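This report refers to the structure that appears directly beneath it.
In full-length UniProt numbering, the protein residues as written are 1 to 134.
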(Lines of atoms letter the chains of each structure in order from A; the text may use other names.)
(Lines give C-alpha, C1' and ligand atoms only; values in the text may rest on other atoms or scores of the structure.)
Protein backbone atom coordinates (compact mmCIF):
# COMPACT_ATOMS: atom_id res chain seq x y z
CA UNK A 1 0.00 0.00 0.00
CA UNK A 2 1.07 3.55 -0.69
CA UNK A 3 0.30 6.51 1.53
CA UNK A 4 -0.15 9.81 -0.29
CA UNK A 5 0.54 12.89 1.80
CA UNK A 6 -0.15 16.47 0.75
CA UNK A 7 1.43 18.46 3.59
CA UNK A 8 0.37 21.96 4.51
CA UNK A 9 0.65 24.45 7.33
CA UNK A 10 -3.00 24.24 8.46
CA UNK A 11 -4.34 21.09 6.80
CA UNK A 12 -2.98 17.98 5.14
CA UNK A 13 -4.41 15.56 2.62
CA UNK A 14 -4.00 11.82 3.14
CA UNK A 15 -4.82 8.92 0.84
CA UNK A 16 -4.10 5.19 0.88
CA UNK A 17 -3.97 3.35 -2.43
CA UNK A 18 -2.93 -0.14 -3.44
CA UNK A 19 -0.45 -0.68 -6.26
CA UNK A 20 -3.41 -1.74 -8.46
CA UNK A 21 -4.71 1.85 -7.99
CA UNK A 22 -7.62 0.82 -5.81
CA UNK A 23 -8.34 3.66 -3.41
CA UNK A 24 -8.86 2.54 0.19
CA UNK A 25 -8.95 5.81 2.12
CA UNK A 26 -8.81 9.58 1.68
CA UNK A 27 -9.35 12.44 4.10
CA UNK A 28 -8.29 15.99 4.92
CA UNK A 29 -6.99 16.41 8.47
CA UNK A 30 -5.55 19.31 10.43
CA UNK A 31 -1.76 19.59 10.36
CA UNK A 32 -1.69 18.84 14.11
CA UNK A 33 -3.47 15.50 13.56
CA UNK A 34 -1.47 14.42 10.50
CA UNK A 35 1.22 12.31 12.18
CA UNK A 36 -1.24 10.64 14.57
CA UNK A 37 -3.52 9.84 11.61
CA UNK A 38 -0.57 8.39 9.66
CA UNK A 39 0.24 6.14 12.62
CA UNK A 40 -3.41 5.00 12.80
CA UNK A 41 -3.45 4.28 9.05
CA UNK A 42 -0.26 2.20 9.37
CA UNK A 43 -2.05 0.00 11.92
CA UNK A 44 -4.90 -0.62 9.47
CA UNK A 45 -3.05 -0.84 6.13
CA UNK A 46 0.33 -2.43 5.24
CA UNK A 47 1.86 0.86 4.06
CA UNK A 48 5.30 0.41 2.53
CA UNK A 49 6.03 3.91 1.22
CA UNK A 50 4.88 7.49 1.76
CA UNK A 51 4.60 9.68 -1.33
CA UNK A 52 4.66 13.40 -0.67
CA UNK A 53 4.62 16.62 -2.68
CA UNK A 54 8.00 18.29 -3.14
CA UNK A 55 7.04 21.96 -2.76
CA UNK A 56 6.45 24.45 0.06
CA UNK A 57 6.65 22.57 3.37
CA UNK A 58 8.12 19.28 2.11
CA UNK A 59 11.55 19.50 3.78
CA UNK A 60 10.24 20.39 7.23
CA UNK A 61 7.50 17.73 7.05
CA UNK A 62 9.97 15.06 5.91
CA UNK A 63 12.22 15.86 8.86
CA UNK A 64 9.26 15.86 11.27
CA UNK A 65 7.94 12.53 9.94
CA UNK A 66 11.36 10.89 10.31
CA UNK A 67 11.67 12.19 13.88
CA UNK A 68 8.13 11.49 15.13
CA UNK A 69 7.11 8.22 13.49
CA UNK A 70 8.16 5.25 15.66
CA UNK A 71 9.14 3.29 12.55
CA UNK A 72 10.19 5.75 9.84
CA UNK A 73 8.67 5.17 6.40
CA UNK A 74 10.47 5.36 3.09
CA UNK A 75 9.53 8.84 1.85
CA UNK A 76 9.45 9.61 -1.87
CA UNK A 77 9.08 13.20 -3.06
CA UNK A 78 6.95 13.73 -6.17
CA UNK A 79 6.53 16.83 -8.34
CA UNK A 80 3.32 18.46 -7.15
CA UNK A 81 3.14 21.34 -9.62
CA UNK A 82 -0.41 21.98 -10.89
CA UNK A 83 -1.78 19.26 -8.59
CA UNK A 84 -4.35 21.60 -7.02
CA UNK A 85 -5.78 22.51 -10.44
CA UNK A 86 -5.85 18.85 -11.41
CA UNK A 87 -7.52 17.99 -8.08
CA UNK A 88 -10.34 20.47 -8.78
CA UNK A 89 -11.13 18.60 -12.02
CA UNK A 90 -10.82 15.22 -10.28
CA UNK A 91 -13.20 16.37 -7.52
CA UNK A 92 -15.97 16.92 -10.09
CA UNK A 93 -15.24 13.51 -11.67
CA UNK A 94 -15.53 11.83 -8.25
CA UNK A 95 -18.52 13.91 -7.11
CA UNK A 96 -20.50 15.02 -10.18
CA UNK A 97 -22.56 18.18 -9.63
CA UNK A 98 -26.28 17.85 -9.01
CA UNK A 99 -29.23 20.11 -9.74
CA UNK A 100 -28.51 23.64 -10.87
CA UNK A 101 -24.79 23.15 -10.20
CA UNK A 102 -24.64 21.17 -13.46
CA UNK A 103 -25.44 24.35 -15.40
CA UNK A 104 -22.43 26.26 -14.04
CA UNK A 105 -19.28 25.71 -16.13
CA UNK A 106 -16.82 23.51 -14.23
CA UNK A 107 -14.11 26.18 -14.13
CA UNK A 108 -16.50 28.60 -12.41
CA UNK A 109 -17.90 26.13 -9.87
CA UNK A 110 -16.49 26.56 -6.37
CA UNK A 111 -15.32 23.29 -4.83
CA UNK A 112 -17.41 22.90 -1.64
CA UNK A 113 -14.68 21.39 0.54
CA UNK A 114 -10.88 21.24 0.86
CA UNK A 115 -9.36 18.94 -1.77
CA UNK A 116 -5.97 18.18 -0.19
CA UNK A 117 -6.93 14.48 0.00
CA UNK A 118 -7.54 14.44 -3.74
CA UNK A 119 -4.11 16.03 -4.24
CA UNK A 120 -2.70 13.13 -2.15
CA UNK A 121 -4.44 10.67 -4.52
CA UNK A 122 -2.90 12.45 -7.53
CA UNK A 123 0.56 12.33 -5.94
CA UNK A 124 0.27 8.54 -5.59
CA UNK A 125 -0.86 8.28 -9.21
CA UNK A 126 2.09 10.41 -10.35
CA UNK A 127 4.45 8.15 -8.38
CA UNK A 128 2.92 5.01 -9.89
CA UNK A 129 3.09 6.58 -13.34
CA UNK A 130 6.78 7.24 -12.80
CA UNK A 131 7.34 3.58 -11.87
CA UNK A 132 5.64 2.36 -15.05
CA UNK A 133 7.61 4.70 -17.30
CA UNK A 134 11.00 3.31 -16.19
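Every residue gets a Cβ at the ideal spot worked out from N, C-alpha and C, and that includes glycine.
It should be emphasised that the depicted structure is a prediction, and the values quoted were computed from it without experimental measurement.
- In summary, residue 95 is exposed, with fewer than 16 beta-carbon neighbours lying within 10 Å of its beta-carbon over all protein chains present.
- Excluding the 5 residues flanking it on each side, residue 18 has same chain C-beta neighbours closer than 7 Å at 1, 24, in chain order.
- Using a Cβ-Cβ distance cut-off of 8 Å, the stretch 60 to 77 and the stretch 42 to 51 are in contact, since at least three pairs of beta carbons, one from each stretch, lie closer than that value.
- Of all C-beta pairs linking the stretch 6 to 21 to the stretch 111 to 125, three or more are shorter than 8 Å, placing the two stretches in contact.
- Residue 92 has its alpha-carbon roughly 22 Å from the corresponding atom of residue 7.
- Its Cα nearest to that of residue 35, the residue 65 stands out among 107, 85, 65.
- Taking the Cα positions, residue 100 is about 39 Å away from residue 45.
- Taking each of 21, 3, 106 in turn and checking the Cα distance to residue 129, the smallest one comes out for 21.
- Beta bridge pairing from DSSP links residue 25 with 16.
- Between residue 109 and residue 97, the gap from beta carbon to beta carbon is short of 9 Å.
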